[in-house]
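In my numbering, the protein residues as written are 29 to 557.
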């Protein structure tokens, strides 16, 4: 969903199966640009380009030679179309390109085709016009969440009671599109969307399905896109959601130091920045989630903003943490903590005492309205759904705030790509690929994945680079207070003038709420101006 990070090994995403870690130098993967000329930006009808490795698009099988495995798996040539979008108070004319960039290994062997969708506003000065690269998380999520939910020219409704699996998705002009002030490039990492491997064997999957290999691949795709579309001189921004919180800072650092590409700003939506604080026995996971749990309880009585949670945040970083550290060996502290947590979250005091006031996300989701046989969402805990097994002693439920979006989002993404943009790859579109998540190497042992180190480095390296982070109040997957705690640890050079955290009513995809989507768009536009 907008990325799917912070799963902490839940059944919802089935992540964290370790593989071998991998890192490559900037030249390890490359695209043969001479075989993949830029598409025409002047044609009013779809245009195509010859892909790398197929001179002029010739079909080698026609000459009697069977196509190689990479040719059999390759994506079709890029398609470019002219589009017009009528919005309140203005009309946008822009060039849309749906296509791919091929990556190679150090031996020049093709490895993967990475799909992208770009939108460039017509009649602009490309040297001064910002261009923004957007990706979701998971790992295993395509960029459809950001494209069709927040920033793209068209969107579908992701909120409200009408969002069910059987809903017919309708692509609507997006009045809050970012295209007014920046060109947009949505990237689908390999295994998501239509992106795919063209090489066979386990080694290539091990390389791409790892923290470092993934970062190197996306950073190289960004550089190749800039070269291909002659945008190296444009102001550049990077946007990541959810697991994009791990990807984003690392990609910016890779661009700065490996690819030779400067970035003016990093924007993160609902990010997870440090796996170490959200797993195992870390006490900070309870500190990070407590304000969100209290927000969920309070929103049942009326609208809630972050300012309404000042007392909970103060308690979480104060007496709550002190009593947590004392542990269950101190029965008085444990009882005091459990009763205060019950009062803040609406959980039955007897249940809170049984769990010593330490609620895992899954436990809280089930206990919050268990009396009515309902569970609340992980991505948006203000959304309720029926527990399919209310009498079971174990949790066997999905996410009522996320699962219903999979079908309409998938259908809308396919319809946009194949219909409106006229790019028609074979194979299935992968909105959320569980096989990617299950095969991912997150980096285990003493150094689990985190990106706070890279945040420090990119902010120190470029004193003009800015960081904007947006969160939803009711997001239990990546609670906003976790980001607050991480940002509080940054040195003084990460001043409020450069680093900003904003929190809105909503969940992991807080932009599904109109007011939150509008407000965050305003923050992004201000950052770029």
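Beta carbons: idealized from backbone N, C-alpha and C, even for Gly.
Fair warning: this is a prediction, and the values are worked out from it, not measured in the lab.
Reference residue i, options the options, closest by Cα
i	options	result
residue 117	203, 326, 158 and 104	203
residue 282	249, 429, 172 and 425	249
residue 341	443, 276 and 320	320
residue 469	236, 195 and 194	236
residue 170	142, 207, 221 and 192	221
residue 333	491, 533, 122 and 538	533
residue 509	216, 308, 335 and 110	335
residue 431	218, 194, 223 and 494	194
residue 168	484, 503 and 457	457
residue 310	349, 325, 273 and 214	349
residue 271	300, 113 and 460	300
residue 438	542, 172, 240 and 162	172
residue 102	208, 128 and 256	128
residue 313	378, 107, 511 and 154	511
residue 187	428, 517 and 289	428
residue 489	543, 258 and 290	290
residue 134	392, 232 and 404	232
residue 104	261, 445, 158 and 206	445
residue 274	241, 286 and 261	241
residue 453	442, 460, 463 and 180	442
residue 298	317, 269 and 287	269
residue 115	346, 541, 207 and 137	207
residue 525	491, 338 and 323	491
residue 518	211, 541 and 484	484
residue 543	317, 163, 331 and 400	331
residue 192	397, 316, 413 and 149	413
residue 286	360, 243, 164 and 180	243
residue 402	388, 424 and 387	424
residue 181	197, 121 and 223	121
residue 388	369, 164 and 400	369
residue 157	415, 322 and 147	147
residue 480	322, 338, 462 and 296	296
Residues bridged to residue i (per DSSP)
i	result
residue 401	Paired residues: none, contrary to the question.
residue 494	293
residue 206	BP columns for residue 206 are empty, so no partner.
residue 331	For residue 331, which the question treats as bridged, DSSP gives no partner whatsoever.
residue 159	211 and 264
residue 109	124
residue 458	221
residue 516	Residue 516 is not bridged to any residue.
residue 169	460
residue 499	531
residue 413	403
residue 478	302
residue 183	200
Own chain, CB closer than 6 Å to residue i, minus 5 neighbours either side, in chain order
i	result
residue 90	Bear in mind that the predicted position of residue 90 carries a pLDDT of just 41, short of 50, making it too unreliable to give a figure here.
residue 505	34, 406, 407 and 536
residue 71	Its pLDDT being 36, under 50, residue 71 is placed unreliably by the model, and nothing is read from it.
residue 327	410
residue 553	209
residue 58	Only weak support is given to the placement of residue 58: the predicted model assigns it a pLDDT of 43, under 50, and the value that follows is read from those uncertain coordinates. 132.
residue 503	298, 535 and 536
residue 352	311
residue 316	507, 509 and 510
residue 451	107, 126 and 445
Neighbourhood of residue i by C-beta distance below 7 Å, restricted to the same chain and skipping five residues each side
i	result
residue 381	363 and 366
residue 183	176, 177, 200 and 202
residue 545	178, 204 and 539
residue 482	277, 278 and 281
residue 459	170, 172, 434, 437, 438 and 441
Contacting residues, own chain, Cβ-Cβ under 8 Å from residue i (five flanking each side not counted)
i	result
residue 530	496, 497, 498, 499, 547, 548 and 551
residue 293	265, 266, 493, 494, 495, 496, 555 and 556
residue 384	356, 362, 365 and 366
residue 515	497, 522, 527 and 529
Supposed close pair residue i, residue j - CB separation, criterion 8 Å
i	j	result
residue 142	residue 245	7 Å
residue 476	residue 303	4 Å
residue 126	residue 145	5 Å
residue 259	residue 159	5 Å
residue 119	residue 112	6 Å
residue 464	residue 219	4 Å
residue 24	residue 393	This structure cannot speak to residue 24, because the chain is shown only from 29 to 557.
residue 214	residue 174	7 Å
residue 379	residue 395	6 Å
Contact test: residue i Cβ vs the ligand ADP heavy atom, cutoff 8 Å
i	result
residue 362	The ligand ADP is not among the ligands present in this structure, which contains no ligands whatsoever.
Uninterrupted beta strand (DSSP E) stretches inside the segment 262-326 (no shorter than 3 residues): 264-269 and 293-297
4 or more residues per run - each alpha helix (DSSP H) lying fully within the segment 208-267: 230-236 and 239-256
Can you check the segment 114-154 for any beta strand (DSSP E) of at least 3 residues that lies completely inside it and give the ranges in chain order? 118-132 and 138-149
Unbroken stretches of the alpha helix (DSSP H), 4 residues or longer, contained in the segment 335-410: 338-344, 347-354, 359-373, 377-382 and 389-395
Which runs of the alpha helix (DSSP H) fall wholly inside the segment 416-445 and span at least 4 residues, in chain order? For the segment 416-445, whole alpha helix (DSSP H) runs of length 4 or above, ordered along the chain, are 434-443.
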